[in-house]
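Just below is one structure, and these are the notes that go with it.
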Amino acid sequence: MAQIIDGKALAGVVRANVAAEVAQIKAQGGCVRFAAVLVGEDPASQIYVRNKQRACEKVGIEFELHTLPATCQYQDLVNLIRRLSADKKINGVLLQLPVPLNVIGNHLTEVLNLIDPQKDVDGLTVANLGKLASGDDCLIPCTAQGVLYAINSVCPNLMGKNVVMIGRSRIVGRPTSLLLTNQNATVTVCHSRTRNLAEHTRKADIIVVAAGCPNLVTADMVKPDAIVIDVGINRLADGKLVGDVDFANVEKVASAITPVPGGIGPLTIAFLLNNIVVAYRRQHGC
Ligand code: NAD
């Protein structure tokens, strides 16, 4: 049976470090402040933002929520992001995704790039993603960091490891594949147009899946003793929350596996908090 990688416990370690750093900054008279932008009234996005608020408050980071209605104009969003990005008191700015299509159209990249790269705590501006691709120091997307941290908890050295990353989104798949490549893993990126996914996954020492498809990874696709990291979050018709992995059967084959919930989710929030403190320190040269 696989070892269950306890994302909650790992996230607790990261959060405790962040809390200690924030306390130290406060003791020196500083204040770490984060602004989240939420457009529209999507219930899932409202929950995600509330979770971020609670997490910030627990570690002493000041949290500001800026909301715009789904009926707002594109220019309202542009003006708000510009204002927050220029505000010297704010250290981190995040645009909660997805933004309603009637507001953002096909301008998501343009709007994300309005965020000062030094405050881009989601790591989604082209400046930060470009640096990640170049192997340079930058603010790295939080989920990718959570995935690496979870893997490192059971496999500290990725040199020579074959990793299959399922998913190539801007927010998870692409940055994760870059981060793991920078850590000397040999990474194969698979996606919805990949032919014969199982042929790839069966060769992998580590499988990371972020597709949003329940039961996409089944036991027959997993090499014995592989590490399986499940980023997916799917709500089934009965209300149950599941990942992209057939957990009950894959845990019999894998050496280690992350659960859903309680795996990568808590680590993603913990690394958002960490990015906010990293951003503060860079802005203040401390
Ligand atoms: P997305 O829809 O932007 O991307 C999904 C990717 O999966 C695409 O690249 C697509 O090509 C690939 N894909 C889809 N179906 C596939 C299939 N059948 N075979 C192979 N590849 C397939 O989604 P996203 O934003 O990257 O999120 C992916 C999942 O991760 C979602 O369930 C999301 O809720 C979850 N997520 C979790 C966290 C977390 O903190 N745990 C953070 C972000 C996203």
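In this note's numbering, the protein residues as written are 858 to 1143.
The C-beta atom is built at its ideal place from N, Cα and C for all residues, glycine as well.
Everything numeric in this text was worked out from a predicted model, so none of it was measured.
Taking buried to mean at least 16 other C-beta atoms within 10 Å of its own C-beta, is residue i buried or exposed?
i: E878; result: buried
i: I904; result: exposed
i: T966; result: exposed
i: S991; result: exposed
i: R1222; result: This structure cannot settle anything about residue 1222, because the visible part of the chain is limited to 858 through 1143.
i: C995; result: buried
i: P998; result: buried
i: R1050; result: exposed
i: P1123; result: buried
i: Q975; result: buried
i: K909; result: buried
i: D977; result: buried
i: D993; result: exposed
i: H1048; result: exposed
i: D979; result: buried
i: L1098; result: exposed
i: G864; result: buried
i: A1094; result: exposed
Quick one: what's got a C-beta closer than 7 Å to residue i's C-beta in the same chain, skipping five residues either side?
i: P1116; result: I861, F1104
i: I882; result: V889, Y1137
i: M858; result: E1108, K1109
i: A884; result: none
i: T1038; result: V1044
Starting from the C-beta of residue i, find all residues in its chain whose C-beta is less than 6 Å away, skip the five residues before and the five after it, and write them out in chain order.
i: G897; result: A927, P957
i: A1001; result: P1032, T1033, L1036
i: T1058; result: V1021, I1064, M1078
i: N985; result: P974, D977, C995, L996
i: L1015; result: Q1040, N1041, A1042
Look at residue i and residue j and say whether their C-beta atoms are less than 8 Å apart.
i: L954; j: L989; result: no
i: C1143; j: D1101; result: no
i: A876; j: V916; result: yes
i: I1177; j: A1055; result: Because the chain spans 858 through 1143 in this model, residue 1177 falls outside it and cannot be assessed.
i: G1120; j: D1087; result: yes
i: G887; j: H1141; result: yes
i: C981; j: R1025; result: A small correction: the amino acid at residue 981 is Leu; Cys does not occupy that position in the sequence shown. Taking 8 Å as the Cβ cut-off, L981 and R1025 do not qualify as a contacting pair.
i: I1063; j: K1018; result: yes
i: G1003; j: T1125; result: yes
i: V948; j: I1090; result: As written in the sequence, residue 948 is Asn, which differs from the Val given in the question. Taking 8 Å as the Cβ cut-off, N948 and I1090 do not qualify as a contacting pair.
i: A880; j: A1127; result: no
i: Y931; j: G962; result: yes
Can you name the residues that DSSP bridges to residue i?
i: N1019; result: T1043
i: D994; result: According to DSSP, which records beta bridges pairwise, D994 is partnered with nothing at all.
i: F891; result: F920, G949
i: V896; result: L925
i: Q860; result: A1113
i: N1091; result: V1099
i: I1064; result: V1021, V1085
i: D977; result: V950
i: V1074; result: V1102
Between which residues of its own chain and residue i is the CB-CB distance below 8 Å, once the five residues before and five after are set aside?
i: L895; result: S902, Q903, V906, L922, H923, T924, L925, Q953
i: L1130; result: V871, R872, V875, A912, C913, V916, I918
i: I938; result: V894, V950, L952, V968, L971, I972
i: V1195; result: Coverage of the chain is limited to positions 858 through 1143, which leaves residue 1195 absent and any answer about it impossible.
i: S942; result: V950, L971, I972, D973, K976
i: K946; result: C888, R890
i: R1139; result: Q975
i: V1074; result: I1023, T1058, I1064, V1066, V1085, D1087, D1101, V1102, D1103, V1107
Examine the Cβ distances between the segment 1073-1089 and the segment 1040-1050 and report whether three or more of them are shorter than 8 Å. no
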